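Okay, so the sequence shown: first residue is 232 according to my numbering, each after it adds one. Built from N, CA and C at the ideal position, the CB exists for glycine as well. No experiment lies behind these values; they were computed from the predicted model shown.
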Amino acid sequence: MNAVSIFKGLNSPLSAERISVTRAIRQRPARAEKACTEAGRDLIGRLLELCIQFSNSSEKWEHVFTALSFADQRTAELAKEIFVASVESHYLVMAANRISLLTDIEKAAFLSPILLADNNNNRTRLCANLLAGNRQISTNVAIRICAIADKKCDLPPFNKETVNSWIAEMQGPYTQSIRKKFLTLRDRPVNLLLTDWETLSDSLKEWVLIKLIKDSPSGYEVLLTTILQRETSVTVLSCALSCIQNSSNTDVFNDVISILLKHENEKLRAQAVFCYQEDTALLGILDNEKSPVVIANILLKISTDHELIPLISGYFSHPQWQVRAAAAQSFVNLAPESIKTLKELFYSDDLNVRTSAIRCLNELKMEQWIKENLSAIQ
Numbered sequence: 232m233n234a235v236s237i238f239k240g241l242n243s244p245l246s247a248e249r250i251s252v253t254r255a256i257r258q259r260p261a262r263a264e265k266a267c268t269e270a271g272r273d274l275i276g277r278l279l280e281l282c283i284q285f286s287n288s289s290e291k292w293e294h295v296f297t298a299l300s301f302a303d304q305r306t307a308e309l310a311k312e313i314f315v316a317s318v319e320s321h322y323l324v325m326a327a328n329r330i331s332l333l334t335d336i337e338k339a340a341f342l343s344p345i346l347l348a349d350n351n352n353n354r355t356r357l358c359a360n361l362l363a364g365n366r367q368i369s370t371n372v373a374i375r376i377c378a379i380a381d382k383k384c385d386l387p388p389f390n391k392e393t394v395n396s397w398i399a400e401m402q403g404p405y406t407q408s409i410r411k412k413f414l415t416l417r418d419r420p421v422n423l424l425l426t427d428w429e430t431l432s433d434s435l436k437e438w439v440l441i442k443l444i445k446d447s448p449s450g451y452e453v454l455l456t457t458i459l460q461r462e463t464s465v466t467v468l469s470c471a472l473s474c475i476q477n478s479s480n481t482d483v484f485n486d487v488i489s490i491l492l493k494h495e496n497e498k499l500r501a502q503a504v505f506c507y508q509e510d511t512a513l514l515g516i517l518d519n520e521k522s523p524v525v526i527a528n529i530l531l532k533i534s535t536d537h538e539l540i541p542l543i544s545g546y547f548s549h550p551q552w553q554v555r556a557a558a559a560q561s562f563v564n565l566a567p568e569s570i571k572t573l574k575e576l577f578y579s580d581d582l583n584v585r586t587s588a589i590r591c592l593n594e595l596k597m598e599q600w601i602k603e604n605l606s607a608i609q
């Protein structure tokens, strides 16, 4: 194929002939370019002209595809335009193949902003794959690449220099994936995440508490106390209480937990009950508490004091089933040896009370008695 025949075909008024020639060029681009260069003809320039001339026709993509076969600055700009403007995956891949020939600096400058701002899954994945291993990218970009790229990448370290980038990405569009990646780091000093605690999203606060602190809350007493004093999010407060329940030093939290015992959210009050270490102080709440869940938790919490058996027994007739069940369980905890009372509870009209009584009678080796009397309650 010589320059004359190439340009004759590209200048043909017939679409089929133009397409046939451009496909032939695509088969051997280096040979076609050499022939045209030696003849003083600008092959790439003509292909780009055809891209513009037939911009509203499907023929355009034939010429685009061929033009992108050449490592020319003009085709690099064309590839960038297509990569930004297209949504179809095959056009994006076509442009990405040309962009991959750019230098690391050029790729970082062009692709990094797209990766951080774009919401097209195909485009962002291509960006990540093209930038994987690139040493000219920022920490934010490197973290995001690890969450998106199809190939395995090295995670940036977590330290004073990178903490802000990690926080930003753990609150970004790839939250779950990046948080999982964070957990794989060998060295991840949690205290770095606590420096600007107030600036973290509620979602990230909850994740830090449950994933990084809950299992080993020792040493985080100041943070947990501050959260209970200042936090307004019910879910964050709940996560903090979950951490406190695992703490071996729960007494230090009594003052702040006592405030939560009056919180408007009943689930939070119920959770605070189990964290509060002064059981007798909980008795003062029973008279005014309306939530059956909170009352039930208090009854279960105070089931270590035998002197409270009469008080607990009084809740066997409470209108709410949660309270009746908790009262029966508390009684079982306090007086499992009281077979007479347990037998009375066995005939209770309330299923939850009966279940607790049967469980305790089984523990006392009363299986035969249960079998003999089971028909009476069925």
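query, result
"Take the Cβ of H294 as the centre, count every other Cβ of all protein chains shown within 10 Å, and call the residue buried at 16 or more, exposed below.", "buried"
"Can you name, in chain order, every residue of its own chain whose Cβ lies under 7 Å from the Cβ of D433, other than the five neighbours on each side?", "S464, T466, V467"
"What is the DSSP secondary structure of A566, reduced to helix, strand or coil?", "coil"
"Is I526 near Y507, with beta carbons less than 9 Å apart?", "no"
"Should F389 and I345 be called a contact, given that it needs their Cβ atoms to be closer than 9 Å?", "no"
"Roughly how many angstroms separate the alpha carbons of L539 and L459, rounded to a whole number?", "30 Å"
"CB-CB under 7 Å to I336, same chain, minus the five flanking residues each way: which ones, in chain order?", "Q367"
"Please identify the residue among N350, R354, S331 whose C-alpha is closest to the C-alpha of N365.", "S331"
"Which term fits A339, buried or exposed, when burial requires 16 or more other beta carbons within 10 angstroms of its beta carbon?", "buried"
"Have a look at C282 and N350 and give me their C-alpha separation to the nearest angstrom.", "27 Å"
"Rounding to the nearest angstrom, what Cα-Cα distance links T406 and S534 in this structure?", "43 Å"
"CB I275 to CB E264, shorter than 9 Å?", "yes"
"What's the C-alpha gap between T481 and I475?", "6 Å"
"Evaluate A348 with the Cβ neighbour count: other Cβ atoms within 10 Å of its Cβ, from every protein chain shown; 16 or more gives buried, anything less gives exposed.", "exposed"
"Sorted by chain position, which residues of the same chain lie with C-beta nearer than 8 Å to S449's C-beta, five sequence neighbours on each side aside?", "S478, S479, N480"
"Excluding the five sequence neighbours on either side, which residues of its own chain have a C-beta within less than 8 Å of the C-beta of T426, listed in chain order?", "V394"
"Run the CB neighbour count on T415, radius 10 Å, all protein chains shown included, and call it buried at 16 or more, exposed below.", "exposed"
"Go ahead and label T334 buried or exposed: buried means 16 or more other beta carbons lie within 10 angstroms of its beta carbon, across all protein chains shown.", "exposed"
"Taking 9 Å as the threshold (C-beta atoms), are R356 and A373 in contact?", "no"
"Rounded to whole angstroms, what is the Cα-Cα separation between N422 and C358?", "33 Å"
"Take S408 as the anchor and find which of D418, P420, W397 has the nearest alpha-carbon.", "W397"
"What is the C-beta distance between R257 and S300, in whole angstroms, given that I count them as a contact (C-beta under 8 Å)?", "6 Å"
"Roughly how many whole angstroms lie between the Cα atoms of L491 and K391?", "35 Å"
"Ignoring anything shorter than 4 residues or poking outside the stretch 515–601, list the alpha helix (DSSP H) runs there in chain order.", "523–532, 540–544, 552–565, 570–577, 582–594"
"Between L279 and A261, which are expected to be in contact by the criterion C-beta below 8 Å, what is the C-beta distance as a whole number of angstroms?", "L279 to A261, Cβ: 18 Å. No contact."
"Take the Cβ of V504 as the centre, count every other Cβ of all protein chains shown within 10 Å, and call the residue buried at 16 or more, exposed below.", "buried"
"Work out the CA separation of N242 and I250 for me, nearest whole Å.", "11 Å"
"Return the chain-ordered list of same chain residues with a C-beta closer than 8 Å to the C-beta of N233, the five sequence neighbours on each side being excluded.", "A266, A270"
"Nearest CA to the CA of M401: which residue from A255, N583, D418, L424?", "L424"
"Helix, strand or coil: how does DSSP classify F389 here?", "coil"
"To test your reading of the DSSP string, which unbroken alpha helix (DSSP H) runs of 4 or more residues are found completely within the stretch 427–481?", "433–438, 452–461, 465–476"
"Roughly how many whole angstroms lie between the Cα atoms of S579 and L531?", "19 Å"
"Whole-angstrom Cβ separation of S522 and A501, contact assumed at under 8 Å?", "7 Å"
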